[in-house]
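One structure is given below, encoded as structure tokens.
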Amino acid sequence: LLHRQAEIRPCRLAAQLDYTKGALYRYFPSKDALIAALQVSSLARVHNRFEDSWAHAGRSLGPLDERANSLAMILLTTRLYGRLEAELPADFALIRLAVGDPRHLLSNQEVSAVMEQMLVLINAVAALICRAVKSGALREGDSTQRAVLLWASAHGNVLTGKFSRYNKDLFDTQRLIESLTRNLLSGWGALNEDIVAATNSIKGL
41 LLHRQAEIRP CRLAAQLDYT KGALYRYFPS KDALIAALQV SSLARVHNRF
91 EDSWAHAGRS LGPLDERANS LAMILLTTRL YGRLEAELPA DFALIRLAVG
141 DPRHLLSNQE VSAVMEQMLV LINAVAALIC RAVKSGALRE GDSTQRAVLL
191 WASAHGNVLT GKFSRYNKDL FDTQRLIESL TRNLLSGWGA LNEDIVAATN
241 SIKGL
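So, in structure tokens, the structure goes:
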């Protein structure tokens, strides 16, 4: 139902929710409004999932210095993104719909609410990157732009995971995401010893 915009049919959705189509449209004036509301809700759930994981990691990380600790949170974030398709499949499907199709699927009016919620999540990741900069783990740079780059890169790696049925080693999503994140952190100035310490600290999380 959620994989493509064309498949999000108000009649089917209303039936699943035990609503009439007319009742559904009392809350959502158009199909675009319905899709936008679903995407906003999904992004909010993903943000909450990340917040819970960050809080748990903050309590669980070993006695690292602040540099390695701040890098660990970034590595954990991209690792979590790699798990979203398995852990929150419907929500990830809506995110994939929002960012995976180059066409403009929603009106400008409806997409503004989606972008607002998307920026909440991006800014939360940017705050983790700012923390790493302040600790001296990373060089100065535009943290928001770096957060977008992390997200876009991780998302691309998740999408290539469908090819793992042909070559599990080459298209191992989690391994690719970790390698990508480590390389980005290194390019932003992180020391290899800090990256190794951060990576080891989040094993099992």
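Each residue of the sequence shown is one higher than the last, beginning at 41 in my numbering.
Idealized CB from N, CA, C, for every residue including glycine.
Contact between the region 81 to 94 and the region 172 to 184 is not established, with fewer than three Cβ pairs separated by less than 8 Å. For the pair V165 and T117, the CB atoms are nearer than the 8 Å cut-off. Assignment of alpha helix (DSSP H) within the region 115 to 164, counting only whole runs of 4 or more residues, yields 129 to 140 in chain order.
At a cut-off of 4 residues, the continuous stretches assigned as alpha helix (DSSP H) that sit fully inside the region 166 to 202 are 183 to 200. By the neighbour-count criterion, in which 16 or more other beta carbons inside 10 Å mark a residue as buried, Y121 falls on the buried side. Between L199 and L224, the gap from beta carbon to beta carbon reaches 8 Å or more.
Apart from sequence neighbours up to five positions away, the residues of its chain that approach H87 with a beta-carbon distance below 7 Å are V160, L161, A164, ordered along the chain. Rounded to whole angstroms, the separation of the alpha carbons of Q185 and V151 is 20 Å.
Judged by DSSP secondary structure, D92 falls within the alpha helix (DSSP H) whose first and last residues are 71 to 100. Taking the Cα of I114 as reference, the smallest distance to any Cα among I75, G229, T221 is reached at T221.
In the three-state reduction of the DSSP assignment, D212 falls in the coil class, being assigned neither a helical nor a strand state.
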